[in-house]
Amino acid sequence: MYKSDFLRADRISIVSDEISEDFIDASLFANNFDIKNFEIRKFTEGRIPDISASTLRELLDKKNHFNYTYTLISPGFFKHCVSDYNNTNHQIKKIHDCIDLAKILEVKFISVFTFKRNSRVSKIPEEIYAPLCKLKDLCESNSLTLLLENSPNCWADTAENLLSVANQTGIDVNWDPGNSLASGHRNHQLHLVHLLPITKNIHLKNWAPDVGYCSILSGAYDLASEINYFLDNQYPGYLCIEHHQWNNRKESTIENLNELKSIINKF
0 MYKSDFLRAD RISIVSDEIS EDFIDASLFA NNFDIKNFEI RKFTEGRIPD ISASTLRELL
60 DKKNHFNYTY TLISPGFFKH CVSDYNNTNH QIKKIHDCID LAKILEVKFI SVFTFKRNSR
120 VSKIPEEIYA PLCKLKDLCE SNSLTLLLEN SPNCWADTAE NLLSVANQTG IDVNWDPGNS
180 LASGHRNHQL HLVHLLPITK NIHLKNWAPD VGYCSILSGA YDLASEINYF LDNQYPGYLC
240 IEHHQWNNRK ESTIENLNEL KSIINKF
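Mapped onto numbering that gives the first Met the number 0, the consecutive letters of the sequence shown carry residue numbers 0 to 266.
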């Protein structure tokens with residue numbers, strides 16, 4: 000994938016519930032802006048994999064009718080404390096439901112987190128690695144790829160800690176620069192060369208200390224230069240809008256889509 004390919008919008012995606020938890024509504028809106036790639040996470044009745052038969056039918060119908068691509072499944076697993084063994088075992092069992100859905104919907108990636116962080120200064124506990132590797136093995140045995148997403152509330156919060164967990168487990172990443180910024184990390188440039196070969200999906204939102212999450216070009220960080228770095232270096236994955244503006248989802252979708260296109264179209 001070369002940067003000229005990004006002149007088309009075929010690598011822009013969005014988390015569907017960032018538009019609406021009602022997928023029919025999300026689809027109608029997305030079609031107005033030629034959005035055809037969706038990460039699937041949450042619907043009116045609940046989070047993946049706990050979706051209704053009617054939602055699954057809609058996903059399949061819309062996929063076939065509009066030629067949608069479902070890029071990634073995000074069940075939100077492993078956001079609890081690693082000491083909660085019952086929850087860990089429950090989610091390891093439920094990964095099979097995610098795998099089944101991924102096969103039905105022709106999804107390649109399943110993204111999870113890295114367990115709840117109980118201290119900002121503690122060393123990443125060794126105990127998190129075995130369950131993550133278990134999920135990795137289950138996905139790979141079904142020709143799927145597990146990804147790790149960084150989150151402010153989890154052990155892999157910053158770029159540095161995400162790289163640490165990824166290196167320990169051999170798991171590729173769903174890189175979220177906004178979440179790294181929200182975790183207090185400012186200088187991503189030091190880590191991009193290491194993130195590039197293991198990043199298979201990128202979540203896009205910016206961050207400002209006095210505002211919180213904000214649009215791609217309105218935050219405190221030069222996110223455009225980071226996007227340019229990935230495009231310049233043949234990043235093969237999706238650029239996924241995940242704005243986290245719950246009070247104005249559709250307006251924020253348009254704002255971020257326009258900002259992302261303005262960056263891509265400079266090539």
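C-beta atoms are modelled at their ideal positions from N, C-alpha and C, and glycine is treated no differently. Just so it is clear, the structure is predicted and the values come from calculations on it, not from any experiment.
Review point. Mind checking whether I91 and P48 have CB atoms under 8 Å apart?
Key: For the purposes of this step, residue 91 is taken as the residue at position 92 of the sequence shown. For the purposes of this step, residue 48 is taken as the residue at position 49 of the sequence shown. No.
- Task: Give the DSSP-derived three-state secondary structure of V81 in the structure shown.
- Result: In the sequence shown, counting from the first residue as 1, residue 81 sits at position 82. For V81, the three-state secondary structure derived from DSSP is coil.
Just to confirm before moving on: does the CB-CB distance between E241 and H202 stay below 8 Å? Counting from 1 along the sequence shown, the entry for residue 241 is found at position 242. Counting from 1 along the sequence shown, the entry for residue 202 is found at position 203. Their beta carbons are under 8 Å apart, which means E241 touches H202 by this criterion.
Who does K41 pair with in a DSSP beta bridge?
The residue you call residue 41 lines up with position 42 of the sequence shown. R46.
query: So, Y220 versus N205, is the Cβ gap smaller than 8 Å?
result: Taking the sequence shown and counting its residues from 1, the one referred to as residue 220 is at position 221. Taking the sequence shown and counting its residues from 1, the one referred to as residue 205 is at position 206. Cβ atoms of Y220 and N205: closer than 8 Å.
Exposure label - N178; buried when at least 16 CB within 10 Å = To locate residue 178, count along the sequence shown from 1; it is residue 179. Looking at its Cβ environment, which holds 16 or more other Cβ atoms inside 10 Å, N178 is buried.
### Query
Excluding sequence positions up to five away, which residues of its chain have a Cβ less than 7 Å from the Cβ of Q167?
Numbered from its first residue, the sequence shown carries residue 167 at position 168. Y128, listed in sequence order.
Continuous beta strand (DSSP E) stretch holding N205: start and end
Residue numbering aside, residue 205 sits at position 206 when the sequence shown is read from its first letter. Where N205 is concerned, the enclosing beta strand (DSSP E) stretches over N205 to A207.
Considering only residues of the segment 103-146, which uninterrupted alpha helix (DSSP H) runs meet the minimum length of 4 residues and lie entirely inside it, listed in chain order?
DSSP runs (the alpha helix (DSSP H)) wholly in the segment 103-146: 128-139.
Q: Look up F5 in the DSSP assignment and say whether it is helix, strand or coil.
A: Walking along the sequence shown from the start, residue 5 turns up at place 6. Here F5 scores only 46 on pLDDT, less than 50, and its place in the model is too uncertain to base an answer on.
> Do you know offhand how far A29's Cα is from P151's?
Replying inline: Stepping through the sequence shown from its first residue, residue 29 is reached at position 30. Stepping through the sequence shown from its first residue, residue 151 is reached at position 152. Between A29 and P151, the C-alpha separation is close to 29 Å.
| message | Please classify P74 as buried or exposed, where buried requires at least 16 other C-beta atoms within 10 Å of its C-beta. | response | Position 75 of the sequence shown, counted from the start, is the residue given in the question as residue 74. So P74 counts as buried.
task = Kindly give me the distance between the Cβ atoms of N200 and T70, rounded to whole angstroms, as I take these residues to be in contact under 8 Å.
result = Within the sequence shown, residue 200 is the residue found at index 201, counting from 1. Within the sequence shown, residue 70 is the residue found at index 71, counting from 1. Between N200 and T70 a beta carbon distance of about 7 Å is seen, short of the 8 Å cut, so the two are scored as contacting.
For D156, the residue or residues it bridges with in DSSP: Within the sequence shown, numbered from 1, the residue matching residue 156 stands at position 157. Answer is none; D156 lacks a bridge partner.
**Message:** In the DSSP assignment, the beta strand (DSSP E) including L238 goes from what residue to what residue?
**Reply:** Here residue 238 corresponds to residue number 239 of the sequence shown, with the count starting at 1. Here the beta strand (DSSP E) through L238 covers Y237 to I240.
Check: What are the boundary residues of the alpha helix (DSSP H) that includes G211?
Finding: Stepping through the sequence shown from its first residue, residue 211 is reached at position 212. Run containing G211: none in the alpha helix (DSSP H); it sits in the beta strand (DSSP E), G211 to C213.
*Would you call the CB atoms of V81 and E126 closer than 8 Å?*
Position 82 of the sequence shown, counted from the first residue, corresponds to residue 81. Position 127 of the sequence shown, counted from the first residue, corresponds to residue 126. Result yes, Cβ atoms of V81 and E126 sit closer than 8 Å.
* **Integer-rounded CB distance, given that C138 should sit under 8 Å from F303** => In the structure as shown, the chain starts at 0 and stops at 266, and residue 303 therefore has no counterpart that could be examined.
Compare the C-alpha of K107 against each of F114, C97, G218 and K115 and name the closest.
As a first step, residue 107 is located in the sequence shown; it is residue number 108 there, counting from the start. Of F114, C97, G218 and K115, the residue nearest in Cα terms is C97.
In angstroms, rounded to a whole number, what distance separates the CA positions of K115 and N173?
Counted from its first residue, the sequence shown places residue 115 at position 116. Counted from its first residue, the sequence shown places residue 173 at position 174. When rounded, the distance between both Cα atoms is 17 Å.
Identify whether S19 lies in helix, strand or coil by the three-state DSSP scheme.
Walking along the sequence shown from the start, residue 19 turns up at place 20. Coil.
*Could you tell me whether the Cβ atoms of E159 and S214 are closer together than 8 Å?*
Position 160 of the sequence shown holds residue 159. Position 215 of the sequence shown holds residue 214. Their beta carbons are not under 8 Å apart, which means E159 does not touch S214 by this criterion.
- V14 bridges to which residues according to DSSP? Numbered from its first residue, the sequence shown carries residue 14 at position 15. Its beta-bridge partners are E38.
- [ ] On a CA-only basis, which of E38, I170, F32 and D21 is nearest W237? Give me that one, please.
- [x] The count along the sequence shown starts at 1 and reaches residue 237 at position 238. Per the sequence shown, the amino acid found at residue 237 is Tyr instead of Trp. The shortest C-alpha separation from Y237 is found at E38.
- Task: Measure the alpha-carbon distance for A223 versus K78 and round it to whole angstroms.
- Result: Start at 1 with the first residue of the sequence shown, and residue 223 comes out as number 224. Start at 1 with the first residue of the sequence shown, and residue 78 comes out as number 79. Each residue's alpha carbon lies about 29 Å from the other.
In three-state DSSP terms, what is H288?
The structure shown has nothing for residue 288, since the chain only spans 0 to 266.
If you count every other CB in all the chains shown that lies within 10 Å of the CB of D136, and 16 or more means buried, which is it?
Locating residue 136 in the sequence shown gives position 137, counting from the first residue. Around the CB of D136, fewer than 16 other CB atoms lie within 10 Å, so the residue is classed as exposed.
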